[in-house]
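Residue numbers (my numbering), protein chains in the order written: chain H, 33 to 294; chain S, 33 to 294.
Cβ atoms here follow ideal geometry from the backbone N, Cα and C, with glycine treated the same way.
See below for the structure under consideration.
Protein chains: 2
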Amino acid sequence: MSRLHRAYSAPDREWARNRCVLDERESHHLTKVLRLRKGDEVEVFNGRGEVRKTVLVDVVKHKVELESKEIIQLEESVPSFVLGIAVPKGKKMDEIVRQATEMGVNRLVPLVTSRSETSNDQKRRASKLERWRIAAIEACKQSGNAFVPHIDSFRPLDDWLKGLSPSTFRIVASLESDAQPLRRWLTKEPSSSPPTQVVLLVGPEGDLSSEEYDQARAHRFLPCDLGENVLRVDTAVVCAFAIAKEEFRAYLDMPPVQPNEK
Amino acid sequence: MSRLHRAYSAPDREWARNRCVLDERESHHLTKVLRLRKGDEVEVFNGRGEVRKTVLVDVVKHKVELESKEIIQLEESVPSFVLGIAVPKGKKMDEIVRQATEMGVNRLVPLVTSRSETSNDQKRRASKLERWRIAAIEACKQSGNAFVPHIDSFRPLDDWLKGLSPSTFRIVASLESDAQPLRRWLTKEPSSSPPTQVVLLVGPEGDLSSEEYDQARAHRFLPCDLGENVLRVDTAVVCAFAIAKEEFRAYLDMPPVQPNEK
């Protein structure tokens with residue numbers, strides 16, 4: 033089985049006469065890690081759905097030049113998914129970014145909550161964001177996701193809640209007593225038109241505070257339970273996102289409820 | 033918020049006159065890591081659903097003695113879930129064991145497939161199994177899961193397939209063209225009685241071979257797709273298990289189909 037080799041080329045990177053020179057990081061990966069040579073095929077994606085079938089034509093000063101043979105423009109799937117995640121301490125968020133990107137998240141918002149244990153040092157935050165953006169590109173390469181998720185800067189939870197677009201469908205992973213399986217919420221509150229964007233909120237290891245749950249409820253977040261056990265943030269993110277994706281896939285498979293049928 | 037402290041005491045560990053002495057590992061955790069003292073409350077679970085509310089009464093030669101005040105016997109939920117996982121290389125399986133245990137897996141089977149990259153050195157395998165068993169106990173403590181999953185020894189895929197109990201409902205995470213969302217399979221093939229055990233198979237990073245997919249199909253595994261992207265094994269396990277748990281939760285919420293209604 034010959035493996036497909038992927039490379040990322042940012043949307044602002046120029047293709048002149050179907051040729052493009054990759055940056056050093058991507059060039060190094062192709063020539064030193066994957067050991068590709070002239071004539072080898074590379075699939076190049078720009079992170080916004082454009083995928084090019086290319087051939088490696090030259091290596092000049094450690095930079096790879098590719099020639100594009102075919103362009104495919106993919107459409108982003110609907111609904112899009114936004115994940116608001118209370119950033120855990122240490123490097124756990126790196127794995128969360130990777131896994132959520134494999135699964136096709138469209139936007140990641142690193143949140144600061146009352147029980148967050150993340151550093152508020154601006155330099156450390158900037159370096160984390162940079163690391164996560166690279167992790168997202170790598171996860172796209174590995175999984176075949178053609179859309180690199182947008183990663184926001186760190187935001188306080190209440191600020192983020194206030195700024196959400198009104199038409200979004202909102203879910204918070206919850207261990208509170210009013211939490212229900214997502215399917216029950218979808219059955220109870222069928223919408224006349226399916227949502228185009230779903231927003232998921234996952235709290236920190238110590239859980240959201242009661243006040244934060246109240247804030248989320250006030251902003252129309254539906255509390256969803258993920259089973260009886262207390263999940264770590266990384267497990268909760270993948271579980272909640274997997275369930276939401278699957279529920280909306282099935283929900284959109286069915287014709288929307290007509291207002292006069294209710 | 034006072035945190036609940038949990039400790040594990042194996043089912044064969046003796047409770048005489050409501051008192052029990054914990055082993056060194058558990059004692060060390062309570063006294064050195066959590067810094068508990070006489071009079072502190074500890075919830076002790078035996079990994080088979082028995083949960084005791086206890087009080088720390090003594091520490092003798094670095095071993096903790098507890099007095100049991102109340103015993104609760106929990107019932108295991110139905111269906112039970114078995115995960116057969118092609119063991120990835122390195123330490124990835126440790127995280128998979130942790131996450132699957134948080135989510136309530138009942139049994140984990142480390143599988144060897146044609147594209148597995150795991151070592152077949154018996155000593156290394158034994159030490160991995162020991163590490164995973166400890167990881168499962170730790171994940172139970174952290175998540176409040178009262179049932180420590182059984183972890184099988186390494187097994188070749190074909191051997192495992194042949195030995196499965198006939199009444200199990202079987203799913204394989206698949207990127208093959210015949211894969212469908214689990215819900216479609218459940219709608220297409222409604223069962224007159226809901227399954228008591230669900231078996232999930234997740235292949236290795238390089239995927240199962242065509243022959244292995246054929247073997248799984250021959251053993252009545254339904255190929256389920258987890259979305260359009262290629263997921264790493266750890267992501268695939270959590271996704272597949274989350275979706276299966278949620279689907280069966282909803283499926284069991286509904287009355288079973290009566291044979292004469294078909």
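Contact annotation: in the stretch 195–216 of chain S, residues whose CB is within less than 7 Å of a CB in chain H are Pro213, Arg215. Against chain S, a Cβ distance below 7 Å from Lys277 of chain H picks out Gly259. Between the C-alpha atoms of Val180 of chain S and Leu68 of chain S there is a straight-line separation of about 24 Å. Its chain contains Arg38, Tyr40 as the residues whose beta carbon lies nearer than 7 Å to that of Lys173 of chain S, once the 5 sequence neighbours on both sides are disregarded; these appear in chain order. For the 8 Å CB-CB criterion, Lys85 of chain S and Glu73 of chain S form a contact. In chain order, Arg84, Lys85 place their CB closer than 8 Å to the CB of Glu102 of chain H, counting only its own chain and leaving out the 5 sequence neighbours on each side. Sequence-distant partners of Val114 of chain H (beyond 5 residues in either direction) whose C-beta falls short of 6 Å from its own C-beta, in its chain, are Arg139, Val231. Residue range 82–92 is occupied by the beta strand (DSSP E) that includes Val87 of chain H. Contact of Ser175 of chain S with chain H by beta-carbon distance below 7 Å involves Asn261, Val262, Leu263.
Listed along chain S are Gly259, Glu260, Asn261, each with a C-beta nearer than 8 Å to that of Gly136 of chain H.
Chain S places a beta carbon closer than 8 Å to that of Gln131 of chain H, counting this residue as a contact. DSSP places Ala48 of chain H within a strand segment (E or B) once states are collapsed to three. If you ignore the 5 residues before and after Gly81 of chain S, its C-beta comes within less than 8 Å of the C-beta of Gln105, Leu106, Glu107, Glu108, Ala178, Phe179, all in its own chain and listed in chain order.
Assigned with DSSP and collapsed to three states, Arg202 of chain H falls in strand. As for any alpha helix (DSSP H) of minimum length 4 sitting wholly inside the stretch 118–156 of chain H, the runs are 124–134, ordered along the chain. In the structure shown, Lys220 of chain S falls within a helical segment according to DSSP collapsed to helix, strand and coil. Under the 8 Å criterion on CB atoms, Arg80 of chain S is classed as non-interfacial with respect to chain H. Between Arg187 of chain S and chain H, the shortest Cβ-Cβ separation is not below 8 Å.
Separation of Gly136 of chain H and Arg57 of chain S (C-alpha to C-alpha, rounded to the nearest whole angstrom) is 41 Å. Scanning chain H for C-beta atoms nearer than 7 Å to the C-beta of Val180 of chain S yields nothing, as the closest lies near 13 Å away.
Residue pairing for His182 of chain S: DSSP places it in a beta bridge opposite S:Arg139.
Interface residue (Cβ-Cβ distance to chain H less than 8 Å): Arg281 of chain S is classified as such. According to the DSSP secondary-structure assignment, Tyr40 of chain S is paired through a beta bridge with S:Phe77. Positions of the beta strand (DSSP E) runs, each at least 3 residues long and wholly inside the stretch 244–288 of chain H, are given as 254–256 in order along the chain.
Under the three-pair Cβ rule at 8 Å, the stretch 209–220 of chain H does not count as touching the stretch 182–194 of chain H.
Looking at the DSSP output, Gly235 of chain S shares a beta bridge with no other residue. In this structure, Pro142 of chain S keeps its C-beta atom at 8 Å or more from the C-beta atom of Asp90 of chain S. Among the CB atoms of chain S, one or more fall inside 8 Å of the CB of Ala274 of chain H. If the five residues before and after Pro255 of chain S are omitted, its C-beta is found closer than 6 Å to the C-beta atoms of Val204, Ser206, Glu208, Asp210, Ala211, all from its own chain and listed in chain order.
In the three-state reduction of the DSSP assignment, Ser159 of chain S falls in the helix class, which pools H, G and I. With its beta carbon at least 8 Å from every one in chain S, Val83 of chain H lies outside the interface.
By alpha-carbon distance to Val265 of chain H, the top candidate from H:Ala167, H:Pro111, H:Val129, H:Gly176 is H:Val129. Annotation for Ser109 of chain S: no beta strand (DSSP E) segment contains it, and DSSP assigns it neither H nor E. For the pair Asn78 of chain S and Gly176 of chain S, the Cα-to-Cα distance works out to about 12 Å. Note on geometry: alpha-carbon atoms of Val262 of chain S and Ala171 of chain H lie some 10 Å from one another. Below 8 Å, too few C-beta pairs join the stretch 156–167 of chain H and the stretch 276–286 of chain S to call them touching: fewer than three.
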